[in-house]
Each structure stands twice: as structure tokens, then as C-alpha cells.
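Read through the structure below, which is laid out as C-alpha cells, and then see the notes.
Numbering (our numbering), first residue to last: 9 to 164.
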């Protein structure tokens, strides 16, 4: 009887993510949506061992001390702001009217509520992954819903 070989699905990344490389932002988006375990693998592989499990009051000192965690957090926050704006701009380019006040307020509210409020509570790894997923989900959803309601009421 033969056993089935295990698949090694870990990302083939040999360096930390860089803030100025736009392909790293696309890689991070891919990880978040299609392979969220890769973010945990990334932190386990590249972050300092003493800062990997930081929670509560230990999060800010860990972010200050470890450039890998700091860059990952900054990239996550930038993606939470830039991705919905680019999506709204693309939809406006297709002819769909966008209420920019609603879109921006939805982005700000989602970043404050989910990324900062909920995300930091669950620690660095789960905070970054859940914070980015929640921010993008709530920001895009509430921005689109607010735009639909606003456009429907202003059209009536």
C-alpha cells in the first residue's frame, strides 16, 4: 500500500515583502483572498521569533522592533485604503456613478473599526489577515450599498 505524497503549498518566497515593490502588494492580495495561510507562513518564516505571537500591549513594541511585521502592517493598511479607491475609480470609469464621500467614509470607518479596533485585539498575524479581509469586505460592501441607497434616493 502506497501513501499519497503531501503537497507543499507554502509560498516560494525567499525574501521579505518590500514596501516599494508593487508586485509584493499583488502577492499580498493574492494571499489574503486565495491562500490566507500564507500570511501566517510569512510571519513564521521572516519575523523575529520573539515577536511572532505578540498580543495586547506587546503589539506596538513588536511593530517598532521588527521591520518585517511593520512592513506587513503598513502594506495591509495601504491595501485597505488603495484597493477600494481603485475599485471605485474603475467602476466610475465604467459609467457607474460613485458617491466619493460615501466611499471614503466607508473606507475610513472600516479601517478604524475592523483593522484598528478588532485587528489589534487578535494579535499581529490574525490581526493583519482578519483586519485586511474585514476592511476590504466592509469597505467595499458598505461603500457600494451607501452609493446605491444615495443614488436611488437622489434619483427619486
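Where a beta carbon is used, it is the ideal one built from N, C-alpha and C, also for glycine.
- The C-alpha of residue 99 is placed about 29 Å away from the C-alpha of residue 79.
- Put simply, the region 13-29 touches the region 46-59. At least three CB pairs are less than 8 Å apart.
- Cβ neighbours of residue 59 within its own chain (closer than 7 Å, five residues either side excluded): 70, 73, 74 and 77.
- Here the alpha carbons of residue 83 and residue 115 stand approximately 16 Å from one another.
- Within the same chain, 96 and 151 come within 6 Å of residue 111 by CB-CB distance, once the 5 residues on both sides are set aside.
- Taking 8 Å as the cut-off, the beta carbon of residue 107 is found no closer than this to the beta carbon of residue 54.
- Boundaries of the alpha helix (DSSP H) around residue 49: 45-54.
- Residue 88 sits close to residue 119, with the two beta carbons spaced by under 8 Å.
- DSSP places residue 16 in the coil class of the three-state scheme, outside both helix and strand.
- In the DSSP assignment, residue 10 falls outside any alpha helix (DSSP H), carrying neither H nor E.
- Contact annotation, residue 36 with residue 21: C-beta distance approximately 11 Å; criterion of less than 8 Å not satisfied.
- In the three-state scheme derived from DSSP, where H, G and I count as helix and E and B as strand, residue 37 is classed as helix.
- If you look at residue 77, you'll find it in the alpha helix (DSSP H) that goes 75-101.
- In this structure, the straight-line span from the alpha carbon of residue 86 to that of residue 113 is close to 16 Å.
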